Each structure stands twice: as C-alpha cells, then as structure tokens.
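Below: the structure, in structure tokens.
Protein chains in written order, with our numbering: chain A, 12 to 427; chain B, 417 to 645.
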C-alpha cells in the first residue's frame, strides 16, 4: 500500500496496516504501536518540510509576483541559503528516521499487519535522539523567519481561502492533537464542536463522497450539512483548529501565539504554512518522548494472526489530513473491495473555493494577470495537495486558466 | 575418481577449459564465472530446457543449444554472449513480462524476484510486444500459501521440486502453450489437496511472486533454498 504515494508512503502504510489489524482482529504489541507512532511523526516532519521549504518558501521569500524562473528552491538558495539549508536539514531528519526504522526512505515495508517487522535497535534510537536538539533549534529559527514574512502578505491572507468552513481531524481522548490514533471530530468556523467522538467504523454515515463529471477527484463532504454546504478542510490548519492543545511545551507555546495572532479558529488557508511548522515542532518533541520511553526498544513488535474479520477500517492523520482505508476480504483473505478517502479529496471543495476567491480578488477586466496566475498556484500549494500539483516547474507554470465571461464566452486563456 | 579419459577440452568464449563428460556447458560456465542467464533451471532439480534463456552458439552448427542440457564435447567452441544471443534473451524476457501480469511495484516479491533481477541484468528497459493482461486465477485456499497465476512464468520448478525432492507430485501442468497452468491435484483447490504435504518447497523455489507465503510483507519474501542441498 506504500506504493500509492511517493510523498506519503508511510501514511498509507500505517492506515493500511491499521485496517489490516482490524481484519486480523489483533491488538498489536505496545512497542509496535510506539514505533508506528514514531515513523508517522517522521513522515509528517519530512513531508511538511518538503511542502513549506522546497515548494512554498519561494512564494513567501521572493513574493507572489516573482519571476517564475527564480521562484524555486534554487532561487531561495541564492537569496537566503540558510533558509533552504534548514528545509533540507528538516526533511533529511524525517527521511533518515524512516530509513532507520523502515529500511528505506521511499516505500518502506516495515509496518505490517499486527505491528512492525523489526524492533528498533539501541544504536538507532541513540542516533535519532542525538539529532533532535539541533532539529528543534532549526524549526524554531524557521518559525521566526515565517512570522517575519507573513506580515508582508496581509492582503493575500484575506483572499487565500479565507472563508468559513468545517474542519475535520482526529483528536486524542483529552482533545489534544493526534496523528496515529483518536476519534474524529468536526468543528465549525467559530470553533464550536459540530460532532466529536466519531468512530471511523461509521464513516459512511457522516462522510459523503460526491463524484463530479468534470473531475477525477471526488469531493468529500459532511453528510448532515449536505453537498456542498458540508465542505470541510483537513490537514495541519484543521488539526490545530480542532485540537485543545498539542500536548508538548514548545509546540503549545507556539500554538498559543498562533491563536493570539489569528484567533481561536483560523480561517485563512494561507496559515496552513504556519500550522505546518507548529506541527513539525510537536512531532520532534513527541519523538523525543517516545524515544526516551524504554519500552520502544522491546523486541516484541508483532502479533501474528490470520484474517478473522471480513471487513476492516483504518484511520490516521497523514501530513495533508485525515486518511482512511476501508477493505473487504473474502474468507481466503483476498481483498474484494476497497475504498480510500484521501486528504486532497477532502480539501477539494475548499481548494476550488480558494481559487474562486483569488480570482475574485485579482481578476479585473478581461485579462488574466501574471500575479493572479502565481496566486492560483500558491493557494493550491497552501493545501499541499501532492507533489505533481504543487511543484514549481522550473521556469514555467504547469497550469491552464480560462477566464469565462458572464455569457459563457472565453475572454482570456493562459496555458503554460 | 574421474578418469583422465573422461575429461573433455573445449573453448568457451575463446577460453580453453576442461570439463567432465557428464557436465553441461552451463556447469562449466558457472565453474569459470561465465554468466549465462537461466530461469527454469535450478541446481538440485532436473532441467527441462524450457525457458530457452541459456541458449548458446556452438561453432559448426547454425542451431542454438540450451546450455543447461548440452554436454561438453571434445573440441567444442561455444559462444555465450554474441549479439544474436543477447537479442534473443532480451526478447524472451520481454515475452515473459507480456504473457501475464508482472507489475513489480505492486508484486509481493518485489526485491526478491529472479525475473526482476534478470530483467535488469539483461538490460530490459522497454517491452516491444503488446501486453496481454490476462485475468488469471488466484488460489488462496491453502492455509499457509497462495498461488497467483498472474505472476507465473511456467518455469515448472514447483512441479519438479514437488516430484523430485518432496516426492508428493502435487503440482502438474494443465493445458497447452500459452493456456498452460500449473495445477494442484489435477486442478483442485490447493487448500483441498490431499497429496500436498504443506512443506512449502514449491514456494521456496518459485522465481517470481506466483507462489508466496501468507502473512509476510514484501520485505520478508526472501526464498530459503536449503531444502535443495
């Protein structure tokens, strides 16, 4: 299942393994659960670093109207080399943990139904722990930089997907930020709880998936509010809007500052970037906690069982948002039906609305401007849908935009 | 004790080599670290000469000879690596990949597959024939093993190891040509087979992901072949 994605292989693997745990009807060993949590956090760190530094930092550092030939990581390296190095270091930190645990950085097969295939060695534990203090410092320095540049985008913040919507994610029993395990929760634009304590096993009762004839991507919505009013956002911003707190000191301090600056519920998708950095901070702190727990070195990391249930559902938070795998198998254990609900599908309605908002703000007259094109790209990038959608193709933009008049005629068209 | 008179001298790729008369060209090549690709052949089992990957040229004949079955002869001059052979081998590998569904990225044997390794070794970068994409059955009725015919290359190693080493002869080949299928107990579900001892030798000798163990992840699908020694 890791093969589904090259950016989030670990998230798919974790969610798939949890669905398979349900098929086996096993309780996995405590050490296995801790190791799965550890690799989940490493995945979040590396993916968030990729999104913020490699993909979005050119917009933030060089501006939305920057020359497309310079608007990439190499452009950042020229202007602010330390910033680019920080991003590379953070991603490397996450990727190396995945490699230490899973054997390889992309598509590891270490997470298996019933636990994980191999225990963590003391040597690898110590090697990861040795790197966390410096990685925390890099994250804090990056946080200072991000806070300093956000001020320059005051106009963009209000038009970058800034609208009321629901937010969904999983939270721990105490309401704190969760990535590996928890109950689903919805809050509205005021921060009021719409539904909480929702079990993933009942997801079909409250999560609808609409198929549109013009897109391969399904649009997920909250069934009680209907389509499209049941639009909701997932991912870093949604998680921080839902969580009571992070549960680790440095991340909580930053979360409080974030809420002081933008309110208890942040509505602008521009702040997905800031939320990512807070989550990176949380992940590193939480990793330290897990690695300092002696049980994580236990060699009992796998429960062996055969298929015992014919249907299984797994849920976890991937970097981009809630991920759900649902399988049905036959009595021989062969998969007969599967449904996956992916973060990008859940953000689909919000992404479309964000593009509309940018267009309303930046389209004047009958011509598409360069700044508007860049912002369409940048607002999509804030959701970090996936590498192919969010990369800066060097020197050009891989997008086609049509400006359609009220009578349906095409007024302007740009394809690059 | 080998008699001196039994020894043959021959040339392989221009090298003067000696061999016992009961040794094949493949044996001699391996002893002298000359690479000849194989797929159906496996040390410890009889060779059917079926896959044709080990074909070599022998001076004086326009025919190609399977190295796994051709015995050494006095004065023989063998070529193992001509342009013609390289082209044929790559073509055979391409036919393997097109005949059924060999998609490494979603295969349980990815990283532990002889077909994959050999494809890389013979420089297979593209397949020039149209893929057939057949819908072959998957038999997961056995308690511990699965037979996925989509990944079978009909090397018949399973048939031979079951017959020659385990002595159960559970496996056999049904049908002809491209319609052939390896079957258990005259095409009964593997899980209901009365002759299968559950030893797993067939799984261990399978070069691809056609026969695999249940409950193992992709990273754990390595083969244990000590049963053949």
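C-beta: ideal position from N, C-alpha, C; glycine also. Remember, predicted model here, so these are calculated numbers, not experimental data.
(request) Answer with yes or no whether the minimum CB distance from residue 46(A) to chain B is below 8 Å. (result) Within the first chain, numbered from 1, the residue matching residue 46(A) stands at position 35. Closer than 8 Å: no.
(request) Please confirm if residue 343(A) has its CB atom under 8 Å from at least one CB of chain B. (result) The residue labelled residue 343(A) in the question sits at position 332 within the first chain. Yes, residue 343(A) counts as interfacial toward chain B.
(message) Tell me the DSSP secondary structure of residue 519(B) in three-state form.
(response) Reading the second chain from its first residue, position 103 is the one you call residue 519(B). Looking at residue 519(B) - three-state DSSP - the assignment turns out to be coil, as it is neither helix nor strand.
(message) Once DSSP output is grouped into helix, strand and coil, what is the label at residue 469(B)?
(response) Locating residue 469(B) in the second chain gives position 53, counting from the first residue. If DSSP states are grouped into helix, strand and coil, residue 469(B) belongs with coil.
(message) I want to see whether chain A comes within less than 8 Å of residue 625(B), judged by CB atoms only; does it?
(response) Translated into positions along the second chain, residue 625(B) becomes position 209. Not an interface residue.
(request) Can you grab the Cα-Cα spacing for the pair residue 399(A) / residue 557(B), in whole Å? (result) Stepping through the first chain from its first residue, residue 399(A) is reached at position 388. Stepping through the second chain from its first residue, residue 557(B) is reached at position 141. Any answer about residue 399(A) is weak, because its pLDDT of 49 lies below 50 and its placement is not dependable; what the coordinates show is given next. When rounded, the distance between both Cα atoms is 41 Å.
(request) Please name the residue, chosen from 430(B), 616(B), 603(B) and 457(B), that lies closest to residue 569(B) on a Cα-to-Cα basis. (result) To locate residue 569(B), count along the second chain from 1; it is residue 153. Among 430(B), 616(B), 603(B) and 457(B), the Cα nearest to that of residue 569(B) belongs to 457(B).
(message) For residue 394(A), which residues in the same chain have their Cβ closer than 6 Å to its Cβ, ignoring the five residues on either side in sequence?
(response) Position 383 of the first chain, counting from 1, holds the residue named residue 394(A). Excluding positions up to five away in sequence, the list reads 358 and 362.
(request) Give the DSSP-derived three-state secondary structure of residue 206(A) in the structure shown. (result) Numbered from 1 along the first chain, position 195 holds the residue referred to as residue 206(A). Residue 206(A) falls in the strand class under three-state DSSP.
(message) Nearest by alpha-carbon distance to residue 550(B): which of 636(B), 565(B) and 624(B) is it?
(response) By 1-based counting over the second chain, the position of residue 550(B) is 134. Minimum Cα distance to residue 550(B) is reached at 565(B).
(request) Would you tell me roughly how many angstroms separate the C-alpha atoms of residue 338(A) and residue 637(B), rounded to the nearest one? (result) Here residue 338(A) refers to the residue found at position 327 when the first chain is read from its first residue. Here residue 637(B) refers to the residue found at position 221 when the second chain is read from its first residue. Near 23 Å, if we compare the C-alpha coordinates of residue 637(B) and residue 338(A).
(message) If you measure between the beta carbons of residue 21(A) and residue 633(B), is that distance less than 8 Å?
(response) In the first chain, residue 21(A) corresponds to position 10, counting from 1. In the second chain, residue 633(B) corresponds to position 217, counting from 1. In this structure, residue 633(B) does not lie closer than 8 Å to residue 21(A) by Cβ.
(request) Could you tell me the distance, in whole angstroms, from the CA atom of residue 427(B) to the CA atom of residue 444(B)? (result) As a position in the second chain, residue 427(B) is number 11, starting the count at 1. As a position in the second chain, residue 444(B) is number 28, starting the count at 1. When rounded, the distance between both Cα atoms is 10 Å.
(message) Taking the beta carbon of residue 79(A) as the centre, do at least 16 other beta carbons fall within 10 Å, making it buried, or is it exposed?
(response) Taking the first chain and counting its residues from 1, one reaches residue 79(A) at position 68. By the neighbour-count rule (16 or more Cβ atoms within 10 Å), residue 79(A) is buried.
(request) From the DSSP output, in three-state form, read off residue 178(A) for me. (result) As a working mapping, residue 178(A) is identified with position 167 in the first chain. Residue 178(A): strand per DSSP, three-state reduction.
(message) Buried or exposed, going by whether 16 or more other CB atoms sit within 10 Å of the CB of residue 304(A)?
(response) On the first chain, position 293 is the one that residue 304(A) refers to. That one is exposed.
(message) Since residue 313(A) and residue 63(A) should fall inside the 8 Å C-beta cutoff, what is the C-beta to C-beta distance between them, to a whole number of angstroms?
(response) Position 302 of the first chain, counting from 1, holds the residue named residue 313(A). Position 52 of the first chain, counting from 1, holds the residue named residue 63(A). Contact doesn't hold; Cβ gap of about 35 Å is too wide.
(request) Tell me, to the nearest whole angstrom, how far the beta carbon of residue 15(A) is from that of residue 125(A); I am working on the premise that it is less than 8 Å. (result) By one-based count along the first chain, residue 15(A) stands at place 4. By one-based count along the first chain, residue 125(A) stands at place 114. Not quite, the Cβ-Cβ distance comes to about 21 Å (not below 8 Å), so this is no contact.
(request) Kindly indicate which three-state DSSP category residue 413(A) falls into: helix, strand or coil? (result) Taking the first residue of the first chain as 1, we reach residue 413(A) at position 402. If DSSP states are grouped into helix, strand and coil, residue 413(A) belongs with the strands.
(request) Please confirm if residue 399(A) has its CB atom under 8 Å from at least one CB of chain B. (result) By 1-based counting over the first chain, the position of residue 399(A) is 388. Model confidence at residue 399(A) stands at a pLDDT of 49, short of 50, so the residue's coordinates are unreliable and nothing is read from them.
(request) With residue 275(A) as the anchor, note down where its beta strand (DSSP E) starts and where it stops. (result) Counted from its first residue, the first chain places residue 275(A) at position 264. Taken as a continuous stretch (DSSP letters only), residue 275(A) belongs to no beta strand (DSSP E), as it is neither H nor E.
(request) Compute the Euclidean distance between the alpha carbons of residue 608(B) and residue 628(B), then round it to the nearest angstrom. (result) Along the second chain, one-based indexing puts residue 608(B) at 192. Along the second chain, one-based indexing puts residue 628(B) at 212. Looking at the two C-alpha atoms, the distance is approximately 17 Å.
(message) Rounding to the nearest angstrom, what Cα-Cα distance links residue 119(A) and residue 423(A) in this structure?
(response) For the purposes of this step, residue 119(A) is taken as the residue at position 108 of the first chain. For the purposes of this step, residue 423(A) is taken as the residue at position 412 of the first chain. Answer to the nearest angstrom: the Cα atoms are 46 Å apart.
(request) Scan the segment 581-601 of chain B for residues whose Cβ lies nearer than 9 Å to a Cβ of chain A and list them as they occur along the chain. (result) none
(request) Would you mind telling me which residues of chain A sit closer than 7 Å to residue 636(B), beta carbon to beta carbon, in chain order? (result) Along the second chain, read from residue 1 onward, the residue named residue 636(B) stands at position 220. Result: 128.
(request) Give the DSSP-derived three-state secondary structure of residue 122(A) in the structure shown. (result) As a first step, residue 122(A) must be located in the first chain, where it is residue number 111. Strand.
(message) Just to make sure I have the definition right: I need the residues of chain B whose C-beta is within less than 9 Å of the C-beta of residue 38(A). Which are they?
(response) Taking the first residue of the first chain as position 1, residue 38(A) is located at position 27. Simply none; closest approach about 17 Å.
(request) May I have the straight-line CA-CA distance separating residue 360(A) from residue 176(A), to the nearest angstrom? (result) Here the question's residue 360(A) lines up with position 349 in the first chain. Here the question's residue 176(A) lines up with position 165 in the first chain. Their backbone Cα atoms lie some 10 Å apart in a straight line.
(message) What does DSSP give as the partner residue(s) for residue 481(B) in the beta ladder?
(response) As a working mapping, residue 481(B) is identified with position 65 in the second chain. Note: residue 481(B) sits in a beta bridge opposite 472(B).
(request) Find out if the Cβ-Cβ distance for the pair residue 47(A), residue 127(A) is shorter than 8 Å. (result) The sequence position of residue 47(A) within the first chain is 36, counting from 1. The sequence position of residue 127(A) within the first chain is 116, counting from 1. It is a contact, given that the beta carbons lie within the stated cut-off.
(message) Measuring only the C-alpha atoms, how far is residue 260(A) from residue 188(A)?
(response) On the first chain, position 249 is the one that residue 260(A) refers to. On the first chain, position 177 is the one that residue 188(A) refers to. Roughly 13 Å separates the two Cα atoms.
(message) Could you check whether the segment 240-256 of chain A touches the segment 185-199 of chain A, counting it as contact only if at least three pairs of C-beta atoms, one from each stretch, sit closer than 8 Å?
(response) yes
(message) Can you tell me where the alpha helix (DSSP H) holding residue 135(A) begins and where it ends?
(response) Taking the first chain and counting its residues from 1, one reaches residue 135(A) at position 124. Per DSSP, residue 135(A) belongs to the alpha helix (DSSP H) from 133-161.
(message) Closest to residue 554(B) by C-alpha separation, out of 464(B), 466(B), 430(B) and 625(B), would be which residue?
(response) Taking the second chain and counting its residues from 1, the one referred to as residue 554(B) is at position 138. Nearest C-alpha to residue 554(B): 625(B).
(message) By alpha-carbon positions, which one of 274(A), 239(A) and 294(A) ends up nearest to residue 328(A)?
(response) Counting from 1 along the first chain, the entry for residue 328(A) is found at position 317. Out of 274(A), 239(A) and 294(A), 294(A) has the C-alpha closest to the C-alpha of residue 328(A).
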